[in-house]
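Just add 1 to wherever you are in the sequence shown, counting from 1, and you've got my numbering.
Every residue, glycine too, gets a C-beta built ideally from N, C-alpha and C.
Predicted model, so just to flag it, every value in this text is computed and none were measured.
To start, the structure under review is shown below, and the notes come after it.
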Amino acid sequence: SQVQAAERCWATAYCKTGKTARGTLTTEYRTVAGRREWVGKGIHIWLDDGDGIVKEENYLGRYIVEDTGGEPIKAGRVIDIYMPNREDCKQFGGRRIIYEFER
């Protein structure tokens, strides 16, 4: 089923491993960086085809906001997805996403 998503933004990827702002270790398929007030929240992320509609086939997964970052992240314009491999980060590049926090 398709539902209209509430939030859209840009996503990038980072590969700096270590301790997050939440005190956990960066973990693939779990850690994302977002606004400080989002830390600790579960978040579902989909790629955005440009129409803002959540589509099952575009689902990237469930993550936890465990880290924070620079100005675009602090402003909520970018979500940074942790990937342990620099090549994967380069391949991901920057993409439009749709996200929804767990209730």
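Do residue j and residue i have their beta-carbon atoms positioned less than 7 Å apart in this structure?
{"i": "Glu-8", "j": "Tyr-100", "result": "yes"}
{"i": "Pro-85", "j": "Val-79", "result": "no"}
{"i": "Ile-46", "j": "Leu-61", "result": "yes"}
{"i": "Phe-102", "j": "Lys-56", "result": "no"}
According to DSSP, which residues form a beta bridge with residue i?
{"i": "Val-79", "result": "Trp-11"}
{"i": "Leu-48", "result": "Ile-98"}
From what residue to what residue does the alpha helix (DSSP H) around residue i run?
{"i": "Arg-87", "result": "87-93"}
Contact check, residue i vs residue j under 8 Å by CB: the rounded distance?
{"i": "Ala-22", "j": "Val-40", "result": "6 Å"}
{"i": "Gly-70", "j": "Trp-11", "result": "Between Trp-11 and Gly-70 the Cβ distance is about 12 Å, and since that is not below 8 Å, they are no contact."}
{"i": "Cys-16", "j": "Arg-97", "result": "About 21 Å; that fails the 8 Å criterion."}
What are the boundary residues of the beta strand (DSSP E) that residue i is part of?
{"i": "Arg-63", "result": "60-68"}
{"i": "Val-33", "result": "32-34"}
**OP:** Examine the Cβ distances between the region 14-33 and the region 65-77 and report whether three or more of them are shorter than 8 Å.
**Re:** yes
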